[in-house]
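Written below as structure tokens is the structure these notes are about.
Number of protein chains: 2
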Amino acid sequence: MAESVPLSTDRAPAHHEALDRLQTLVADDLSRVNQIILDRMQSSIPLIPQLAGHLVSSGGKRLRPMLTLASAQMLAYDGRRHEGLAACVEFIHTATLLHDDVVDESDLRRGIESANAVWGNKPSVLVGDFLFSRSFELMVEDGSLDVLRILSRAAGIIAEGEVLQLTTSNDLGTTEEAYLEVIGAKTAALFAAACEVAAVVAGRPQAEWDALKAYGHNLGVAFQLVDDILDYSAKQAELGKSLGDDFREGKITLPVIIAHSRGTDEERAFWVRTLEDTEQVDGDLDHAIALVRRHEALAETAARAQSFGEAARRALDPFPDNEAKRLLLDIVDFCIDRVY
Amino acid sequence: MAESVPLSTDRAPAHHEALDRLQTLVADDLSRVNQIILDRMQSSIPLIPQLAGHLVSSGGKRLRPMLTLASAQMLAYDGRRHEGLAACVEFIHTATLLHDDVVDESDLRRGIESANAVWGNKPSVLVGDFLFSRSFELMVEDGSLDVLRILSRAAGIIAEGEVLQLTTSNDLGTTEEAYLEVIGAKTAALFAAACEVAAVVAGRPQAEWDALKAYGHNLGVAFQLVDDILDYSAKQAELGKSLGDDFREGKITLPVIIAHSRGTDEERAFWVRTLEDTEQVDGDLDHAIALVRRHEALAETAARAQSFGEAARRALDPFPDNEAKRLLLDIVDFCIDRVY
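Sequence order for the protein chains is A and B.
With the working numbering applied, the first sequence corresponds to residues 844 to 1183, in that order.
With the working numbering applied, the second sequence corresponds to residues 844 to 1183, in that order.
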């Protein structure tokens, strides 16, 4: 049987370096953002920077804050407000991860022990709350009610998306539409807000806010689709993540929705036992991986990611060509190419 | 042995009705606040209003939002902004309770099953996040950066206070000072912010913001001291709360700090075993209650609550006498008199 996600040949290996080039482009801004992050996660209570630092310095790509920075550069914004907001976006993301790990009972995050595995659930919940509050303090300091509206709305949408994901967990009746709603909320909303606020601070017209929001949203959906592919893909281990986390938690992701819909009665019974009843035994993950491959569910999901990636690229049409824009386009490919 | 908290004779029974009178004073405003709360906890995801509603309608006194409303009335504020902010304060409080119950692994809240006991930890964490976000959306709609600063700062202080409490839990070396820092943050910060924002929306000078903040802070400390007394007091069961929650969780509260400091070697060994090592057996709670009584630790804690209550009352000195001010003064006695 062929590998389900074929290497597409129209993709230059250069895309794999898009993240490096993006990091180079925003390096100065990003180092100031990192300093803001370090400064603002401080507290007189040592456990807070310890726990927050565990996650903040655990090898995250800083993709979301880099989107804010690169978007601002694309718009030739020459102020400094985007730096505080990029830190704010990363705080919201980090807080979400802390609460996610409690919710998921994950033991690993980016290949290292998750904060809740090291310190327990209690500090993870509370330090997450602390980081949320800090993110709001950063927004308040920025002083734009538009920024506050965009980012606080995003935080609300993320929380709703996470709850929706819980209620669709273990439910094989979840439609592709419901699944896309979940990832649009839990992942894409913050990507969208991270990009949109750049247009706000740059003082651009509403149409450009919307364009950057659309770019971020579609990129975020593509990113999450690829994440969901990776959970069933051999590529995952290379990225320092544990394979099969979603499967073990009974998360209904698009690869499963597709494999289940195309499955035999016997295969459907397998999905019901493992994901709805979460009765899993040794070998089930391997069988699940074989099934999503057999039905080309990963390739199908990758095709969806490509479509969303296309939409992200198109959303940047209104903007004039420059180095930052080219990198924002390339980063779409980077997000999708992670599966290859 | 005498009851450790003597009935003081200079207290009219009328104080017990202060809450009723406060509710009457702000009844119209409060019913609009309740409507805002109901409207704003809605979501297309049914679990969110279900879970939020469980707590929102579970017999909370709405003390914090009433403080905002009564403070605004005392200042003769005739707008409507205080209503949205009162709802915001209640959302922050409710979110904190949801996360607290996860953190404390509590099964009861106000005498009924806690949300985490009914739905599990996951939805409680996430719906708490949702309510936090909603509270920020309400602030953003209000549109005052001063309000946003005050309330987002309060949310941060609460989270810090909760983490500090975790790190002092099970540590009998906790000083009274450290304990007061914890309750100043985890409880009093929101009381303070709830009152202060009323002065902001009423357009009053900074000195009045500070006065109302001081009132709220001192009232909040007194309130929490009394809560900590009640956990070791027969009065607790009458209030529909379970006795000994703090004891079982190894929380080091002022009654314990006092009883421990005044205890014999044998008594100290008891506190170490039960609270630091959390090795508890049947009869330990009764023995703990006997010890805090023997050392008059509840009476001593009540005396501290009285001092903070006095400070709260004095903080209102700058304001002219009116019905709302008299009730804000009486509510101090109500908060303290809960122990009697």
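All C-beta atoms in this analysis are idealised placements derived from N, C-alpha and C, irrespective of residue type, glycine included.
Tyr1075 of chain B vs Val1135 of chain B beta-carbon contact at 8 angstroms: Position 232 of the second sequence, counting from 1, holds the residue named residue 1075 of chain B. Position 292 of the second sequence, counting from 1, holds the residue named residue 1135 of chain B. Yes, they are a contact pair.
Simplified DSSP state of Glu956 of chain A, which is helix, strand or coil: Working through the first sequence from its first residue, we reach residue 956 of chain A at position 113. Correct three-state label for Glu956 of chain A: strand.
Cβ neighbour criterion (16 or more within 10 Å) applied to Lys1029 of chain B: Position 186 of the second sequence, counted from the first residue, corresponds to residue 1029 of chain B. Lys1029 of chain B comes out buried.
Residue burial classification, Pro1163 of chain A (beta-carbon count within 10 angstroms, cutoff 16): On the first sequence, position 320 is the one that residue 1163 of chain A refers to. Classification of Pro1163 of chain A: exposed, given that the 10 Å Cβ count is below 16.
Near-chain A residues of the segment 967-979 of chain B - C-beta to any C-beta below 7 angstroms: Val968, Leu969, Val970, Asp972, Phe973, Phe975, Ser976, Arg977 and Phe979
Ser887 of chain A in three-state terms, based on DSSP: Translated into the one-based positions of the first sequence, residue 887 of chain A becomes position 44. In this structure, Ser887 of chain A counts as coil in the three-state DSSP scheme.
Per-residue burial, Gln1049 of chain B [other beta carbons within 10 Å of its own, 16 or more giving buried]: Reading the second sequence from its first residue, position 206 is the one you call residue 1049 of chain B. Result: exposed.
Endpoints, the alpha helix (DSSP H) within which Val1043 of chain A is located: Mapped onto the first sequence, residue 1043 of chain A falls at position 200. Counting along the chain, the alpha helix (DSSP H) containing Val1043 of chain A begins and ends at Ala1032 to Val1044.
Spatial neighbours of Thr1144 of chain B in its chain, beta-carbon cut-off 6 angstroms, leaving aside the 5 residues before and after: Sequence index remark: in the second sequence, residue 1144 of chain B carries index 301 (1-based). So the qualifying residues of the chain are Leu1068, Ile1072, Leu1097 and Pro1098.
Below-8 angstroms beta-carbon distance, Lys965 of chain A vs any chain B residue: To locate residue 965 of chain A, count along the first sequence from 1; it is residue 122. For Lys965 of chain A, the answer is yes, since a Cβ of chain B falls inside 8 angstroms of its Cβ.
Burial state of Ala1077 of chain A, where buried means 16 or more other Cβ atoms lie within 10 Å: Translated into the one-based positions of the first sequence, residue 1077 of chain A becomes position 234. Classification for Ala1077 of chain A: exposed.
Where the segment 872-897 of chain A meets chain B: residues whose CB sits under 9 angstroms from a CB there: Ser886, Ser887, Ile888, Pro889, Leu890, Ile891 and Leu894
Meets three-Cβ-pair contact criterion under 8 angstroms: the segment 1138-1153 of chain A and the segment 1032-1040 of chain A: no
Under the three-state DSSP convention, the category Thr1011 of chain B falls into: Mapped onto the second sequence, residue 1011 of chain B falls at position 168. Looking at Thr1011 of chain B - three-state DSSP - the assignment turns out to be helix.
Alpha helix (DSSP H) segment containing Ser987 of chain A, residue limits: For the purposes of this step, residue 987 of chain A is taken as residue 144 along the first sequence, with counting starting at 1. Element bounds for Ser987 of chain A: n/a, residue is neither H nor E.
Inter-residue CB distance, Ser976 of chain A and Ala1002 of chain B (contact presumed, cutoff 8 angstroms): Locating residue 976 of chain A in the first sequence gives position 133, counting from the first residue. Locating residue 1002 of chain B in the second sequence gives position 159, counting from the first residue. About 6 angstroms; that satisfies the 8 angstroms criterion.
Proximity test, Cβ basis, 8 angstroms: His925 of chain B and chain A: Looking up residue 925 of chain B in the second sequence gives position 82. So no, His925 of chain B is outside the interface.
Helix, strand or coil at His936 of chain A [DSSP, three-state]: The count along the first sequence starts at 1 and reaches residue 936 of chain A at position 93. Looking at His936 of chain A - three-state DSSP - the assignment turns out to be helix.
Through-space distance from Asn1013 of chain B to Arg907 of chain B, alpha-carbon basis: Counted from its first residue, the second sequence places residue 907 of chain B at position 64. Counted from its first residue, the second sequence places residue 1013 of chain B at position 170. One C-alpha to the other measures close to 29 angstroms.
Ile891 of chain A to Arg883 of chain A span [Cα, whole Å]: The residue labelled residue 891 of chain A in the question sits at position 48 within the first sequence. The residue labelled residue 883 of chain A in the question sits at position 40 within the first sequence. Going by the C-alpha atoms only, they are around 11 angstroms apart.
Amino acids of chain B, ordered along the chain, whose beta-carbon sits closer than 7 angstroms to that of Glu1005 of chain A: By 1-based counting over the first sequence, the position of residue 1005 of chain A is 162. The answer, in chain order, is Leu969.
Three-state secondary structure assigned by DSSP to Ala1133 of chain A: As a first step, residue 1133 of chain A is located in the first sequence; it is residue number 290 there, counting from the start. Correct three-state label for Ala1133 of chain A: helix.
Residues near Ile1000 of chain B by beta carbon distance below 6 angstroms, same chain, minus five either side: Residue mapping note: residue 1000 of chain B aligns to position 157 of the second sequence, counting from 1. Excluding positions up to five away in sequence, the list reads Ala1028 and Ala1032.
Rounded C-alpha distance that separates Leu981 of chain A from Phe979 of chain B: Counting from one through the first sequence, the residue named residue 981 of chain A turns up at place 138. Counting from one through the second sequence, the residue named residue 979 of chain B turns up at place 136. Using only the alpha carbons, I get a separation of about 13 angstroms.
Closer than 8 angstroms to chain B by CB, Asp1180 of chain A: Taking the first sequence and counting its residues from 1, the one referred to as residue 1180 of chain A is at position 337. It does not: the Cβ of Asp1180 of chain A has no partner Cβ on chain B nearer than 8 angstroms.
Members of the segment 980-1004 of chain B near chain A, C-beta cut-off 7 angstroms: Glu980, Val983, Gly986, Leu988, Leu991, Arg992, Ser995, Arg996, Ala998, Gly999, Ala1002 and Glu1003
Status (buried if at least 16 other CB within 10 Å, exposed otherwise) for Thr1117 of chain B: Numbered from its first residue, the second sequence carries residue 1117 of chain B at position 274. The residue in question, Thr1117 of chain B, is buried, as its Cβ has 16 or more Cβ neighbours within 10 Å.
Residues that His942 of chain B contacts on chain A, provided the C-beta gap is smaller than 8 angstroms: What you label residue 942 of chain B is simply residue 99 of the second sequence in a count that begins at 1. The answer, in chain order, is Val968, Leu969 and Asp972.
Whether Ala913 of chain B touches Ala1167 of chain B by CB criterion (8 angstroms): Indexing the second sequence from 1 puts residue 913 of chain B at position 70. Indexing the second sequence from 1 puts residue 1167 of chain B at position 324. For Ala913 of chain B and Ala1167 of chain B, yes; Cβs fall inside 8 angstroms.
Minimum Cβ-Cβ distance from Thr1010 of chain B to chain A less than 8 angstroms: Numbered from 1 along the second sequence, position 167 holds the residue referred to as residue 1010 of chain B. Output row for Thr1010 of chain B: interface = yes.
Beta carbon of Leu861 of chain B nearer than 8 angstroms to that of Ile1179 of chain B: Here residue 861 of chain B corresponds to residue number 18 of the second sequence, with the count starting at 1. Here residue 1179 of chain B corresponds to residue number 336 of the second sequence, with the count starting at 1. This sequence places Ala at residue 861 of chain B; Leu is not what is there. No, they are not a contact pair.
Proximity to Gly896 of chain B [Cα-Cα], best of B:Thr1121, B:Gln878 and B:Thr1107: Here residue 896 of chain B is taken as the residue at index 53 of the second sequence, counted from 1. The residue with the shortest Cα to Cα distance from Gly896 of chain B is B:Gln878.
Min CB distance Val945 of chain B to chain A below 8 angstroms: Here residue 945 of chain B refers to the residue found at position 102 when the second sequence is read from its first residue. Yes, because at least one Cβ of chain A sits closer than 8 angstroms to the Cβ of Val945 of chain B.
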